Amino acid sequence: MSINNQLIRQDFPILLDKIYNKPLVYFDNAATTQKPMCVIDRIVHGYTHGNANIHRGVHFLSQKATEEHENARTTVQHFIHAARSSEIIFTRGTTESINLVAFSFGETFCQPGDEIIISAIEHHANIVPWQMLKDRKGIVLKVIPMLPDGTLDMPAFSKLLNNKTKLVAVTHVSNVLGTINPIQEIIQLAHNSNVPVLIDGAQAVPHIAIDVQQLDVDFYVFSAHKVYGPTGIGVLYGKEEWLNKMQPYQGGGEMIAKVTFEKTTYNELPFKFEAGTPDYIGSTALATALEYIQQIGLNAIATYENDLLQYATAKLLQVPGLKIYGEASHKSSVISFLVQGIHHYDMGTLLDKLGIAVRTGHHCAQPIMDYYGIEGTVRASFAFYNTKEEVDKLIEGVNRVVSMFKI
Amino acid sequence: MTIQEKQDIIIEEFSVFDDWFDKYALIIEYANKLKPLDETKKTPQNIIEGCQSRVWIDASINEKGQVVFVGDSDAIIVRGILALLLYVLSEHTPQEIIESELYFIEKIGLKEHLSPTRSNGLVAMMKQLKLYSIAFSSKKG
Chain U
1 MSINNQLIRQ DFPILLDKIY NKPLVYFDNA ATTQKPMCVI DRIVHGYTHG
51 NANIHRGVHF LSQKATEEHE NARTTVQHFI HAARSSEIIF TRGTTESINL
101 VAFSFGETFC QPGDEIIISA IEHHANIVPW QMLKDRKGIV LKVIPMLPDG
151 TLDMPAFSKL LNNKTKLVAV THVSNVLGTI NPIQEIIQLA HNSNVPVLID
201 GAQAVPHIAI DVQQLDVDFY VFSAHKVYGP TGIGVLYGKE EWLNKMQPYQ
251 GGGEMIAKVT FEKTTYNELP FKFEAGTPDY IGSTALATAL EYIQQIGLNA
301 IATYENDLLQ YATAKLLQVP GLKIYGEASH KSSVISFLVQ GIHHYDMGTL
351 LDKLGIAVRT GHHCAQPIMD YYGIEGTVRA SFAFYNTKEE VDKLIEGVNR
401 VVSMFKI
Chain H
408 MTIQEKQDII IEEFSVFDDW FDKYALIIEY ANKLKPLDET KKTPQNIIEG
458 CQSRVWIDAS INEKGQVVFV GDSDAIIVRG ILALLLYVLS EHTPQEIIES
508 ELYFIEKIGL KEHLSPTRSN GLVAMMKQLK LYSIAFSSKK G
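Residue numbers (this note's numbering), protein chains in the order written: chain U, 1 to 407; chain H, 408 to 548.
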């Protein structure tokens, strides 16, 4: 199935908006994606006709809301091909999912001197929680180095694995460089050393079909808002055998089996990790978003976006003095670039005035900036609702800014 | 010229442009006219670090007892806005600067650069200009 772009764009009301009286060109999809009408409708419907606190309620609405929330969990399960719905934990997003594992896995399994491996191309969300664990438990953080093209140094990774390694936590796709990491190989190598693996899928799930069982990944995390769903909800997939052994992250209602002032016994999965009232409206809207992109087809999306990426890359490289950061052969639809002599803030500010939304700065990945010796980049990231005509507008805008700076 | 008169001149100058790009072209023009800051003045002490760009400001007192500001930024647009700020505030007494109200940035439609989400150090920059003046005024007193 191929993408009918004009039809798809009609599903996203915001794409019809004008910015400074110019049609919006939204190229900030790696930060967050826009929402199709069906997702917006689902949220409105949830609060209009389906709102009641879930679980434990005996009344009709509560049971209905519970059922829809649990159905949403099943939708997520099937979307990433998990074996059990109890392995799907709803969180606030990728960041909370990683913090949860860093805390619960760390408290349960890590001793001073143990090692955790991350990579040089991580988002701060997959760096800081491990540094906090380091401060708490005295673990040692090891970093897989990166190569100039934005890929990971895999031989170096193999050498980092040893009998002190407790966990490998790497991103599936770099939010700055677009690099798609060879996670199958990373998981295989880690498992050969009996080391579990967490994959940060925030930038991958909107673009790549995920099968956690085929990957044999131990933890896989992502955010709803980057995959056309609502903000404030995300997913932690964890293998049952790990989640059962890990201590809870937060205490409160829902996560308990029995509470006395002397002792509390915890609820079973997934509720052990879901203290408090969950975002049951968000979960159903996430399920709607996943169903929506499944209908379009992840392979069709990947093909279409890759075509846009190739088109935009070729056109951008024709701009004199423009350098692209991240040249992996296996890359997601993200382009970070700089034009010689033009600060990213200037480029972003001026493109904005043409109605083009790009992101500028270090993109919460300062170690990558340090590696290249730069302060930041301009980042254009594409979704399946973007078009070649929009890419042309970006190129035109970049050229206009470049000529402005020549005077 | 008073600080207010200088601000009104800038507002007047920008008012002829409807198109955003023309406004920014003028800001860039201002940026290019700003004397580059001596590298020795780009010290950690003079830096105002933002998330998106960096700004350096240094201040001294001239023989008339007025504050003279010099500054720079690595981003041209920020440099242009800085040039406007320095034009408005430089060569005034510390008291005049402390009491001044800066309204021209908002009036010429550049308020977005002052929002904390931009994190470009502009707000910190304006604060710094006043802090320098307070320091000079207390020294004098």
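Ideal Cβ placement from N, Cα and C applies to all residues, glycine included.
Predicted model only: the values in this text are computed from it and were never measured.
- Query: alpha helix (DSSP H) containing TYR311/U: first to last residue?
  - Reply: Numbered from its first residue, the first sequence carries residue 311/U at position 311. Note, TYR311/U: alpha helix (DSSP H), 298–317.
- Item | Cβ of PHE421/H within 9 Å of any chain U Cβ | Locating residue 421/H in the second sequence gives position 14, counting from the first residue. No, PHE421/H lies away from the interface with chain U (no Cβ there is under 9 Å from its Cβ).
- Query: VAL143/U by DSSP, collapsed to three states: which one?
  - Reply: Here the question's residue 143/U lines up with position 143 in the first sequence. Collapsing the DSSP output to three states places VAL143/U in a strand.
- Query: Hey, quick one: how far does the beta strand (DSSP E) through GLU554/H stretch, first residue to last?
  - Reply: A query on residue 554/H cannot be resolved here, the shown segment of chain H reaching from 408 to 548 and no further.
- Query: Do you know offhand how far ASN29/U's Cα is from LEU394/U's?
  - Reply: For this step, residue 29/U is matched to residue 29 along the first sequence. For this step, residue 394/U is matched to residue 394 along the first sequence. Distance between the alpha carbons of ASN29/U and LEU394/U is about 15 Å.
- Query: Would ILE98/U be called buried (16 or more neighbouring beta carbons within 10 Å of its own) or exposed?
  - Reply: The sequence position of residue 98/U within the first sequence is 98, counting from 1. Buried, by the Cβ-count rule.
- Query: Would you call GLU456/H buried or exposed, if buried means 16 or more other Cβ atoms sit within 10 Å of its Cβ?
  - Reply: Looking up residue 456/H in the second sequence gives position 49. GLU456/H counts as exposed, since fewer than 16 other beta carbons sit within 10 angstroms of its beta carbon.
- Applying a beta-carbon distance threshold of less than 7 Å, which residues of chain H neighbour TYR345/U? As a working mapping, residue 345/U is identified with position 345 in the first sequence. Chain H residues near TYR345/U: GLN459, SER460, ALA482, ILE484, VAL485 and ASN527.
- If we count Cβ pairs, one from each stretch, closer than 8 Å, do we get three or more for the segment 305–317 of chain U versus the segment 58–74 of chain U? Three or more Cβ pairs closer than 8 Å define a contact, and the segment 305–317 of chain U falls short of that threshold against the segment 58–74 of chain U.
- Query: From which residue to which residue does the alpha helix (DSSP H) around VAL205/U run?
  - Reply: Here residue 205/U is taken as the residue at index 205 of the first sequence, counted from 1. Here VAL205/U belongs to no alpha helix (DSSP H), and DSSP marks it neither H nor E.
- Query: Roughly how many angstroms separate the alpha carbons of LYS546/H and THR95/U, rounded to a whole number?
  - Reply: Stepping through the second sequence from its first residue, residue 546/H is reached at position 139. Stepping through the first sequence from its first residue, residue 95/U is reached at position 95. Taken atom to atom, the span from the alpha-carbon of LYS546/H to that of THR95/U is near 49 Å.
- Reduced DSSP secondary structure (H/G/I, E/B, other) of TYR494/H: Counting from 1 along the second sequence, the entry for residue 494/H is found at position 87. TYR494/H carries a helical assignment under DSSP once its states are collapsed to helix, strand and coil.
- With 16 other CB atoms within 10 Å as the buried threshold, where does LEU16/U fall? Here residue 16/U is taken as the residue at index 16 of the first sequence, counted from 1. Label assigned to LEU16/U: exposed.
- Query: Could you check where the alpha helix (DSSP H) with ILE397/U kicks off and where it finishes?
  - Reply: Position 397 of the first sequence, counted from the first residue, corresponds to residue 397/U. The sequence shown places Gly at residue 397/U, not Ile. That run of the alpha helix (DSSP H) goes 388–406.
- Where LYS442/H falls: helix, strand or coil (DSSP): Counting from one through the second sequence, the residue named residue 442/H turns up at place 35. Residue state, collapsed to three classes: coil.
- Item | Cross-chain neighbours of TRP427/H in chain U, by beta carbon under 7 Å | Sequence index remark: in the second sequence, residue 427/H carries index 20 (1-based). At a beta-carbon threshold of 7 Å, the residues of chain U lying near TRP427/H are TYR20 and LYS353, ordered along the chain.
- Item | Cβ-Cβ separation, GLU254/U to HIS55/U (assumed contact under 8 Å), whole Å | Position 55 of the first sequence, counted from the first residue, corresponds to residue 55/U. Position 254 of the first sequence, counted from the first residue, corresponds to residue 254/U. Right, the Cβ-Cβ distance comes to about 6 Å (below 8 Å), so this counts as a contact.
- Query: So, does the CB of ILE356/U fall closer than 9 Å to a CB anywhere in chain H?
  - Reply: What you label residue 356/U is simply residue 356 of the first sequence in a count that begins at 1. Interface with chain H (9 Å Cβ-Cβ cutoff): ILE356/U is excluded.
- Work out the CA separation of TYR280/U and ALA72/U for me, nearest whole Å. If you number the first sequence from 1, residue 72/U lands on position 72. If you number the first sequence from 1, residue 280/U lands on position 280. One alpha carbon belongs to ALA72/U, the other to TYR280/U, and they sit about 9 Å apart.
- Can you tell me whether PHE271/U is buried or exposed, with buried defined as 16 or more other CB within 10 angstroms of its CB? For the purposes of this step, residue 271/U is taken as the residue at position 271 of the first sequence. PHE271/U sits buried, since 16 or more C-beta atoms from the chains shown fall within 10 Å of its C-beta.
- Query: Thinking C-alpha only, which one of LEU529/H, PHE511/H and ILE515/H is nearest VAL423/H?
  - Reply: Along the second sequence, one-based indexing puts residue 423/H at 16. Cα-wise, what sits closest to VAL423/H is ILE515/H.
- Three-state secondary structure assigned by DSSP to SER158/U: Counting from one through the first sequence, the residue named residue 158/U turns up at place 158. Three-state result, SER158/U: helix.
- Which residue from ASP465/H, LEU433/H, SER460/H and THR450/H puts its Cα closest to that of ALA542/H? For this step, residue 542/H is matched to residue 135 along the second sequence. Per the Cα distances, ASP465/H.
- Query: What number of angstroms, rounded off, separates the C-alpha of ASN175/U from the C-alpha of LEU492/H?
  - Reply: As a position in the first sequence, residue 175/U is number 175, starting the count at 1. As a position in the second sequence, residue 492/H is number 85, starting the count at 1. When rounded, the separation of the alpha-carbon atoms in ASN175/U and LEU492/H is 36 Å.
- Consider the C-beta atom of ARG379/U and the heavy atoms of the ligand PLP; say whether any pair is separated by less than 8 Å. Looking at this structure, you won't find the ligand PLP or any other ligand, since it has none at all.
- Task: Check whether the Cβ of ARG400/U lies closer than 9 Å to any Cβ atom in chain H.
- Result: For the purposes of this step, residue 400/U is taken as the residue at position 400 of the first sequence. For ARG400/U, the answer is yes, since a Cβ of chain H falls inside 9 Å of its Cβ.
- Rounded to whole angstroms, how far is the Cβ of GLY276/U from the Cβ of THR91/U, which I believe are closer than 8 Å? As a working note, residue 276/U is residue 276 in the first sequence. As a working note, residue 91/U is residue 91 in the first sequence. Taking the Cβ atoms as the reference, GLY276/U lies roughly 12 Å from THR91/U, outside the contact range of under 8 Å.
- Task: Indicate the three-state DSSP secondary structure (helix, strand or coil) for LYS353/U in the structure shown.
- Result: Locating residue 353/U in the first sequence gives position 353, counting from the first residue. Coil.
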